[in-house]
């Protein structure tokens with residue numbers, strides 16, 4: 001099977017706060033990152049469904065990181081693959 005990813009992945013481990021109405025907030029760990037999204041490891045994230053929207057914010061930076069909207073693209077027993085949702089600008 002060929003790799004159909006648009007963006008190459010880069011291994012990157014950091015703490016990330018993920019929020020969703022079903023569980024509130026939790027602190028998880030990123031595994032890898034690309035221009036299009038991030039894989040986040042935490043067993044509680046396996047309760048999410050494809051298409052669910054979450055917010056995420058990287059932790060432990062010298063300045064406060066932005067809160068990003070993300071969509072669940074993949075779910076497995078270890079965590080989720082999330083796609084960054086770009087906010088559309090109003091004309």
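Numbering (the UniProt record's numbering), first residue to last: 1 to 91. Note that the Cβ used here is the ideal one computed from N, Cα and C, for glycine as well. Keep in mind that this is a model prediction, so the values were computed, not measured.
Rounded to whole angstroms, what's the CA-CA distance from residue 75 to residue 35? Just pull it up for me. 19 angstroms
Return the Cβ separation of residue 33 and residue 15 in integer angstroms, given the expectation that the two are a contact with Cβ distance under 8 angstroms. In fact, because the Cβ distance is near 13 angstroms, the residues do not count as touching under 8 angstroms.
Outcome for residue 28 when other beta-carbon atoms lying within 10 angstroms are tallied against a minimum of 16: buried
State the start and end residues of the unbroken beta strand (DSSP E) segment that holds residue 23. It is not in any beta strand (DSSP E) - residue 23 carries neither H nor E in the DSSP assignment.
Taking Cβ to Cβ, would you say residue 52 is nearer than 7 angstroms to residue 72? yes
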